[in-house]
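Engineer:
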DNA sequence: TAGCGAGTTTGTCGTGACGCAAACTCCAGA
DNA sequence: TCTGGAGTTTGCGTCACGACAAACTCGCTA
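Residue numbers (the working numbering), protein chains in the order written: chain U, 16 to 248; chain X, 16 to 248.
Shown next as structure tokens:
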């Protein structure tokens, strides 16, 4: 096993509760794997043999419905744990994770979780906090889908992407990984057609700038206003 | 503090990882409180001073949007943990819990969580499993809201209520707590009008039987078929 | 027992967004 | 440099569903 350096993960909030020695313990169970763009890290329904910490790149997590429709659950950004099905007592992954750019991830065997937990109880808290954040996100999305019309949902989705993976460029802030209209549609429960229309309209207004699998937000503040919408005050 | 009996919770899956002694430790931190119908157990935005285990009755958990709209997140049934914000590293409750019938709950101070965890590490696993289940639920709902039309969402919601709180009665299976059309609407992201129309139609077909804050499912199987819908096979 | 109000039903109408369809653009590989 | 295909744009018809509105019903309280 290659020697993984503490510095890889010591700075991650995920491991902030661990001392140097404990971090070494975690690393001794981990290996680092490279996933090239488009490759599948784990698959919905497959046995949850590993869990992961993303070091570099971006993943898309997708759920497939019985009818074959896809819904984008989230994007994983560096520093996050993912594929943590075991921790929640699941034997199978509930979704599929795909690399949207070349990525590198720490891989840990699910079977090592109990012993890791025994030696580093702080990991349980990290896991709980992580899952808690995701639960909040999921509930937020439920609330948005219940109460907001499509345009505002798309605005919220973009703003969330900006927060997670926004990169400053000349024209504004760009989503730092390739993302299609279809992807946005699957995040917001609409169709790529509607997303395309909305983005076109926004582009006309100078709010965003489109492109092939590319979105640049030129005016985040105005987008925010739009996302908050007009409460029936 | 009144003496709480082990038998109160020993049989709950939530505490299956604990031995008798550990259960006593948990109970020594707990008190039992009665909430009468309509009373608020905790409020969205309020300090997360306690966490709970429902012993008897039913609670409705609701999120309020900035614009004042309500969304029903879930119903709590006996045996479940709820209000577990601390466990996820939150200082405030993300939603409001209200008793829909007279209820009894175990109440534990959030401040006692760290020491409890130290003495009963198995609690972390219980908490993770609990949160994991909720995360699955939330994602399922996101997927449903993204891909299904209203009628099927309502069908799914009813089936879930039946599974959680179905009580066999003469005419079929009844949701065991009072629930209005409005409540169902807030669970499925629609309006009470639409829910009323759908239930009326179903009643005509002998699928369900309505009533004031009452729903009886007469033909669960046909409702299931309807919920699964016609995939574009 | 009368009256009130919360919960429910039903009708009409308007429209946001989906489905279908076709054309366009740009990048990648031959 | 040419060509194919994936991603995107745009138009048009339609419909499911929400908004508005009004009447009804039942259970509780005075």
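Yeah, the Cβ is synthetic: ideal placement off N, Cα and C, and Gly gets one too.
Since this is a predicted model, take the numbers as computed values, not measurements.
How about residue 68(X) and residue 118(X): do their beta carbons lie closer than 8 angstroms?
Structural biologist: For the purposes of this step, residue 68(X) is identified with residue 53 of the second chain, where counting begins at 1. For the purposes of this step, residue 118(X) is identified with residue 103 of the second chain, where counting begins at 1. No, the pair does not count as a contact, with Cβ atoms beyond the cut-off.
Engineer: Would you kindly work out how many angstroms separate the C-alpha atoms of residue 231(U) and residue 170(U), rounded to a whole number?
Structural biologist: Position 216 of the first chain, counted from the first residue, corresponds to residue 231(U). Position 155 of the first chain, counted from the first residue, corresponds to residue 170(U). Spanning the two alpha carbons is a distance of roughly 13 angstroms.
Engineer: Helix, strand or coil, according to DSSP, for residue 213(U) in the structure here?
Structural biologist: Within the first chain, residue 213(U) is the residue found at index 198, counting from 1. Reduced to three states, the DSSP call for residue 213(U) is helix.
Engineer: Any contact between the segment 170 to 179 of chain U and the segment 133 to 150 of chain U? By contact I mean 3 or more CB pairs, one from each, below 8 angstroms.
Structural biologist: no
Engineer: Against chain U, which members of the segment 87 to 106 of chain X pass a CB distance test of less than 7 angstroms?
Structural biologist: 88, 102, 103, 104 and 105
Engineer: Which residues in chain X have a C-beta closer than 8 angstroms to the C-beta of residue 143(U)? List them in chain order.
Structural biologist: By one-based count along the first chain, residue 143(U) stands at place 128. Within 8 angstroms Cβ-Cβ: 102, 103, 104, 139, 142, 143 and 146.
Engineer: Ends of the alpha helix (DSSP H) at residue 35(U)?
Structural biologist: In the first chain, counting from the first residue as 1, residue 35(U) sits at position 20. Unbroken alpha helix (DSSP H) run through residue 35(U): 35 to 43.
Engineer: Starting from residue 113(U), trace the beta strand (DSSP E) in both directions and tell me its first and last residue.
Structural biologist: For this step, residue 113(U) is matched to residue 98 along the first chain. First-last of the beta strand (DSSP E) with residue 113(U): 111 to 114.
Engineer: Return the CA-CA distance between residue 217(X) and residue 223(X), expressed in angstroms with no decimal places.
Structural biologist: The sequence position of residue 217(X) within the second chain is 202, counting from 1. The sequence position of residue 223(X) within the second chain is 208, counting from 1. So the two alpha carbons sit approximately 6 angstroms from each other.
Engineer: Going by the DSSP bridge assignment, what does residue 124(X) pair with across the sheet?
Structural biologist: Reading the second chain from its first residue, position 109 is the one you call residue 124(X). Bridge partners of residue 124(X): 65(X).
Engineer: In or out: residue 220(X) buried (at least 16 other Cβ within 10 Å) or exposed?
Structural biologist: On the second chain, residue 220(X) is found 205 positions in, with the first residue counted as 1. Under this definition residue 220(X) is an exposed residue.
Engineer: Please go through the same chain and pick out, in chain order, the residues whose beta-carbon is closer than 6 angstroms to the beta-carbon of residue 207(U), but skip the five residues on each side of it.
Structural biologist: Indexing the first chain from 1 puts residue 207(U) at position 192. So the list reads 196, 197 and 200, once near-sequence residues are dropped.
Engineer: List the residues of chain X whose Cβ lies closer than 9 angstroms to the Cβ of residue 153(U), in chain order.
Structural biologist: One-based indexing of the first chain puts residue 153(U) at position 138. Chain X residues near residue 153(U): 149, 150, 152, 153, 154, 156 and 157.
Engineer: With burial defined as no fewer than 16 other Cβ atoms inside 10 Å of the residue's Cβ, what is the status of residue 54(U): buried or exposed?
Structural biologist: Counting from one through the first chain, the residue named residue 54(U) turns up at place 39. Exposed, because fewer than 16 other Cβ atoms sit within 10 Å of the Cβ of residue 54(U).
Engineer: If you run the structure through DSSP and keep just helix, strand and coil, what is residue 92(U)?
Structural biologist: The residue you call residue 92(U) lines up with position 77 of the first chain. Residue state, collapsed to three classes: coil.
Engineer: Alpha carbon to alpha carbon, what distance is there between residue 37(U) and residue 20(U)?
Structural biologist: Looking up residue 20(U) in the first chain gives position 5. Looking up residue 37(U) in the first chain gives position 22. The straight-line gap from Cα to Cα measures roughly 13 angstroms.
Engineer: Using a Cβ-Cβ cutoff of less than 8 angstroms, which residues in the same chain neighbour residue 125(X) once the five nearest sequence positions on both sides are dropped?
Structural biologist: Your numbering for residue 125(X) matches position 110 in the second chain. Here the set comprises 63, 64, 65, 66, 100 and 101.
Engineer: Which residues does DSSP list as the beta-bridge partners of residue 188(U)?
Structural biologist: Numbered from its first residue, the first chain carries residue 188(U) at position 173. BP columns for residue 188(U) point to 183(U) and 232(U).
Engineer: So is residue 186(X) buried or exposed if we call it buried at 16+ other beta carbons inside 10 Å?
Structural biologist: Reading the second chain from its first residue, position 171 is the one you call residue 186(X). With fewer than 16 neighbouring CB atoms inside 10 Å of its own CB, residue 186(X) falls in the exposed class.
Engineer: Using Cβ-Cβ distances below 7 angstroms, what residues of the segment 202 to 230 of chain X are close to chain U?
Structural biologist: 204
Engineer: Does any residue of chain U bring its CB to less than 8 angstroms from the CB of residue 84(X)?
Structural biologist: For the purposes of this step, residue 84(X) is identified with residue 69 of the second chain, where counting begins at 1. Answer yes: the Cβ-Cβ gap between residue 84(X) and chain U drops below 8 angstroms somewhere.
Engineer: Can you list, in chain order, the residues of its chain with a C-beta nearer than 6 angstroms to that of residue 205(U)? Leave out the 5 residues immediately preceding and following it.
Structural biologist: Counting from one through the first chain, the residue named residue 205(U) turns up at place 190. Here the set comprises 165.
Engineer: If we ignore side chains and look at the alpha-carbon of each, how far apart do residue 49(X) and residue 18(X) end up?
Structural biologist: Taking the first residue of the second chain as position 1, residue 49(X) is located at position 34. Taking the first residue of the second chain as position 1, residue 18(X) is located at position 3. If I take the Cα positions, the gap works out to 16 angstroms.
Engineer: List the residues of chain X whose Cβ lies closer than 9 angstroms to the Cβ of residue 52(U), in chain order.
Structural biologist: Taking the first residue of the first chain as 1, we reach residue 52(U) at position 37. Going along chain X, no residue has its Cβ under 9 angstroms from residue 52(U), so there is no contact; the nearest lies around 25 angstroms.
Engineer: Grouping DSSP H, G and I as helix and E and B as strand, with all else coil, what is residue 164(X)?
Structural biologist: Taking the first residue of the second chain as position 1, residue 164(X) is located at position 149. Collapsing the DSSP output to three states places residue 164(X) in coil.
Engineer: Please determine, among 29(X), 214(X) and 189(X), the residue with the shortest C-alpha to C-alpha distance to residue 97(X).
Structural biologist: Within the second chain, residue 97(X) is the residue found at index 82, counting from 1. A check of alpha carbon separations from residue 97(X) across 29(X), 214(X) and 189(X) identifies 29(X) as the nearest.
Engineer: Start and end of the beta strand (DSSP E) containing residue 199(U)?
Structural biologist: Mapped onto the first chain, residue 199(U) falls at position 184. No beta strand (DSSP E) contains residue 199(U), which is instead part of the alpha helix (DSSP H) from 196 to 203.
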